[in-house]
Amino acid sequence: MQGVRLELAPSAAEPAETRIRRLAAENPVIIFARSACCMCHVMKRLLSAVGVHPTVIELDEHDIAAPALYIGGACVGGVESVVALHLNNSLVPKLVEVGVETIVLDYDL
C-alpha cells in the first residue's frame with residue numbers, strides 16, 4: 008500500500024493527543040494504527056481497495072486506541088465504523104467530499 012507512514016515520536020513540546028488532532032486536521036485521510044494490529048491492517052486494505060492511500064501514523068510507542076480513521080479532520084472511528092460506512096455505500100462519498108480521489112465511483116452521489 009502506498010501512502011505516507013510515520014511514527015508518532017514522543018515529544019515534550021506537544022502532547023500526543025494535541026499532535027493527533029493537528030495531524031488529523033492537516034491530512035485529508037489519516038489512520039492512526041499499530042503495525043502488528045490485524046484490525047489496522049483490515050482498515051488499510053479496505054481503503055487501498057477503494058484507491059485511497061492515506062497517511063498512516065504508527066502508534067506502537069503510545070497507549071492510544073487504534074485503528075482510528077479521520078477523514079477531513081473528523082474522526083470516523085474504528086474498523087467497525089469504516090466497514091459499516093463501506094457496506095452502506097457512504098465511505099466513498101465521504102472521501103470524495105474532502106477531495107480524495109477514489110477508484111470506486113459507482114455509488115449514487
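The letter at position 46 of the sequence shown is residue 53 when you use the working numbering, and the numbering goes up by one with no holes.
In this text, a Cβ means the ideal position worked out from N, Cα and C, and glycines have one as well.
Query                                                                                                                                             : Result
Please name the residue in Pro-35, Lys-51, Glu-108 and Lys-101 whose C-alpha comes closest to that of Val-86.                                     : Lys-51
Let's test the definition: count the other Cβ atoms within 10 Å of the Cβ of Ala-43 and tell me whether it reaches 16, buried, or not, exposed.   : exposed
Determine the DSSP secondary structure at Leu-76, reduced to helix, strand or coil.                                                               : strand
Which residue wins for smallest C-alpha separation from Ala-40, given the options Ser-97, Gly-84 and Val-99?                                      : Gly-84
Which same chain residues end up closer than 7 Å to Ala-73 when comparing Cβ atoms and leaving out the 5 residues on each side of it in sequence? : Phe-39, Ala-40, Arg-41, Cys-44, Cys-47 and Leu-66
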